[in-house]
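Data first, discussion second: the structure below is written as structure tokens.
Number of protein chains: 4
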Amino acid sequence: MGQPLVHTLRVRYGECDLQGIVFNAHYLSYFDTSITELWRAACGSYQAMLDRGVDIVLAEARLRFRAPARFDDELTLAIGVTHIGTTSVLTHHTASSSAGELVAEGELRHVLVDRATVVKTPLPDWLRDGLEPWRVAGPTTSGRSTAPAQD
Amino acid sequence: MGQPLVHTLRVRYGECDLQGIVFNAHYLSYFDTSITELWRAACGSYQAMLDRGVDIVLAEARLRFRAPARFDDELTLAIGVTHIGTTSVLTHHTASSSAGELVAEGELRHVLVDRATVVKTPLPDWLRDGLEPWRVAGPTTSGRSTAPAQD
Amino acid sequence: MGQPLVHTLRVRYGECDLQGIVFNAHYLSYFDTSITELWRAACGSYQAMLDRGVDIVLAEARLRFRAPARFDDELTLAIGVTHIGTTSVLTHHTASSSAGELVAEGELRHVLVDRATVVKTPLPDWLRDGLEPWRVAGPTTSGRSTAPAQD
Amino acid sequence: MGQPLVHTLRVRYGECDLQGIVFNAHYLSYFDTSITELWRAACGSYQAMLDRGVDIVLAEARLRFRAPARFDDELTLAIGVTHIGTTSVLTHHTASSSAGELVAEGELRHVLVDRATVVKTPLPDWLRDGLEPWRVAGPTTSGRSTAPAQD
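Protein chains in written order, with the numbering used here: chain A, 7 to 157; chain B, 7 to 157; chain C, 7 to 157; chain D, 7 to 157.
Below, the structure is given as structure tokens:
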């Protein structure tokens, strides 16, 4: 087992809505910056992967919003690889406040594709090896509930 | 049972990324426009709900990306209410191309809060009644799989 | 002289900020939807222009914010072509509320480029002819003041 | 005379468009992060200004796009105060690549308003004094040309 990859990001003014908190769609964008950092750590850069003829597309996302983040907050973003399949990579994401409070978490499933044809393609070994240091255990069963929990 | 509420939306240039397709985070923003339309249909407008002292916050989201949408595509967005709990509302969303192809789908769970205190509050009857015409059956069991599906 | 091309656009929730009004950067995005509509009117679609081997890039923008727009407002966006140069197109933009109040206005200068090389290229006649119906007089002198006006 | 305030920002994947470059509207958002940093340097934080009962609104913006920025580029953003009026503040902005190339520049004119009434109000001395270290000479006359330059 490895450990999550961590970076920080400051909430921009235009990312906060009428409720005074980060608008929900921006969390997908924040988690995407974690994917960029993971690719940098795993194989030099996202561009380096493209240069080797493969790309990734997002197939599925699951997000849980735990506490509001506000303008100018510095969020800590952590990403861990929870599963490496034949053609897909599952990542677990958290966004936490500088006080350590969990703000949001999510799971993303990306699929590797041939860059030219955009057809699913198996993960090459150099990518598998590069992701290995960031392998973590998946979220607990309680967090993997079926449909979005009902009150 | 009622029927989904439908509106259309045209993909903007700046919403498409290097892959030539809509960047994933924008789907949460698109589905949010469906929420706005649902509130318009259910109680006059989102603002009308705020004026009566309640607001909604997104607690959980689940998104599946089925086919790419591209710049200038006109997407058909459909929203149906799949569950009304004591304090929460579950909605099912689809985005389809003008050719009828399913582009993306999702489930969102919103929680009703007191506008002033932002504390969970039960759905008032006027909101329950307003949402009733847009009640639909939930997604099939196969669509409610536990964690994001693995290859 | 022709007339401005007009379309409407509804302000999204996530486009409004802590001040309860549309965040300024979104106006550039709104005006870009007017460019898309202009291209549709002038030569079939933006894609049709790309298919003929040319593209446009924004070189310069000038924006004046006159009155706030708010969530769920339906804005009327008007675009007129104020100048067609050898390689550039100047457009004047307004965003108005449904009550007819001027919300924002701007001037954009786009440059035509070869799609493959991204090098400046003269506007072909088919594009000049297509833009002609949307030619309008430029903004008044008072609106063309030098630096942003000082109080 | 003081000096510009500088910070860095990494271009996100979703901020790049079909042309492979940063979509123009994001530069207004980038320059807004510079405003946030200026307020932090001038009076502790943007929030500290709000707490003292005043806010700022953008009245006018002028942007010139010099060279493309791309995904994952680290941009250096510089902001300098070029004019402090009775109720307004003029700032000059640049975005440069890590190689030092000028990517985009702009001038923004903000107006100070009473936070409660949103009516124009004179800049208090504490704000004037706070901005003083970041005073720079305005852009050269050639950069202050009237309408967007024509080819």
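Glycine is no exception: its CB is placed at the ideal position from the N, C-alpha and C atoms.
- Near I90/B, which residues of its chain fall below 7 Å by C-beta distance, leaving aside the five closest residues on each side in sequence? L129, R134 and L137
- Indicate the three-state DSSP secondary structure (helix, strand or coil) for L24/D in the structure shown. coil
- Output the distance between the C-alpha atoms of H98/A and I85/A, rounded to the nearest integer angstrom. 6 Å
- Message: Please classify T42/D as buried or exposed, where buried requires at least 16 neighbouring CB atoms within 10 angstroms.
- Response: buried
- Task: Sort out for me which residues DSSP pairs R141/A with in a bridge.
- Result: V87/A
- Item | Residue from E21/A, V117/A, G144/A and Q25/A with nearest C-alpha to T123/B | Q25/A
- Please list the residues of the region 22–46 of chain A that have a C-beta atom closer than 7 Å to any C-beta atom in chain D, keeping them in chain order. S35, D38, T39 and T42
- Alpha carbon to alpha carbon, what distance is there between L34/B and F2/A? Chain A is shown only over 7 to 157; residue 2/A falls outside these bounds and no answer can be derived.
- Query: If you draw a straight line from the C-alpha of D79/A to the C-alpha of Y52/D, how long is it?
  - Reply: 12 Å
- Message: I need the straight-line Cα distance from R72/B to L64/A, nearest angstrom please.
- Response: 10 Å
- Nearest CA to the CA of S3/D: which residue from V17/D, A75/D, P139/D and T127/D? This structure cannot settle anything about residue 3/D, because the visible part of chain D is limited to 7 through 157.
- Message: Can you list, in chain order, the residues of its chain with a C-beta nearer than 7 Å to that of W45/B? Leave out the 5 residues immediately preceding and following it.
- Response: S51, Y52 and M55
- is_contact[L69/B, chain A] using C-beta, thresh 8 Å: yes
- Query: How would you list, in chain order, the residues of chain B whose beta-carbon sits under 8 Å from the beta-carbon of L64/A?
  - Reply: N30 and F71
- Item | Those runs of the beta strand (DSSP E) which lie wholly inside the region 53–78 of chain A and span at least 3 residues | 60–71
- Task: Out of V60/A, D57/A and A101/A, point me to the one whose CA is closest to A75/A's CA.
- Result: A101/A
- Message: Can you check which of these residues, D57/C, H32/C, G112/C and D120/C, is closest to V17/C by C-alpha distance?
- Response: H32/C
- Query: So, helix, strand or coil for L129/B, using DSSP?
  - Reply: coil
- Message: Give me the DSSP bridge partner(s) of T82/A.
- Response: T14/A and S102/A
- Message: To be precise: take each residue of the region 123–145 of chain C, compare its Cβ to all Cβ atoms of chain B, and keep it if any distance is under 9 Å. Which residues remain?
- Response: none
- Message: Helix, strand or coil for R115/B? Go by DSSP, reduced to three states.
- Response: strand
- Closest Cβ-Cβ distance between G20/C and chain A: below 8 Å? yes
- Task: Could you name the residues of chain D that S51/A contacts, counting a contact when the two beta carbons are closer than 9 Å?
- Result: D78
- Applying the criterion that 16 or more other CB atoms from any shown protein chain within 10 Å of the CB defines a buried residue, is T88/A buried or exposed? buried
- Near P22/D, which residues of its chain fall below 8 Å by C-beta distance, leaving aside the five closest residues on each side in sequence? The question names Pro, but residue 22/D is Cys in the sequence shown. For C22/D, where only same-chain residues beyond five positions count, the Cβ hits under 8 Å are V28, F29, R76 and F77.
- Query: Between A143/D and A47/D, what straight-line distance do the alpha-carbon atoms span, to the nearest angstrom?
  - Reply: 19 Å
- Output the boundary residues of the alpha helix (DSSP H) element that contains E43/C. A31 to C49
- At 8 Å on the CB atoms, spell out the chain B contacts of D61/A, in chain order. Q25
- Query: Would W132/A pass as a contact of L11/A if the rule is Cβ separation under 8 Å?
  - Reply: no
- Message: If distances are taken between C-alpha atoms only, which option among D61/B, T92/B and Y19/B comes closest to Y19/C?
- Response: D61/B
- Message: According to DSSP, V95/D sits in a beta bridge with which residue or residues?
- Response: I90/D and H116/D
- Residue(s) in a DSSP beta bridge with A110/A: F71/A and A101/A
- Residue from D120/A, S103/A and L118/A whose Cα sits closest to the Cα of T14/A: S103/A
- Task: Verify whether the separation of the beta carbon atoms of G112/D and L69/D is less than 8 Å.
- Result: yes
- Quick one: what does DSSP say R134/B is sitting in, helix, strand or coil? helix
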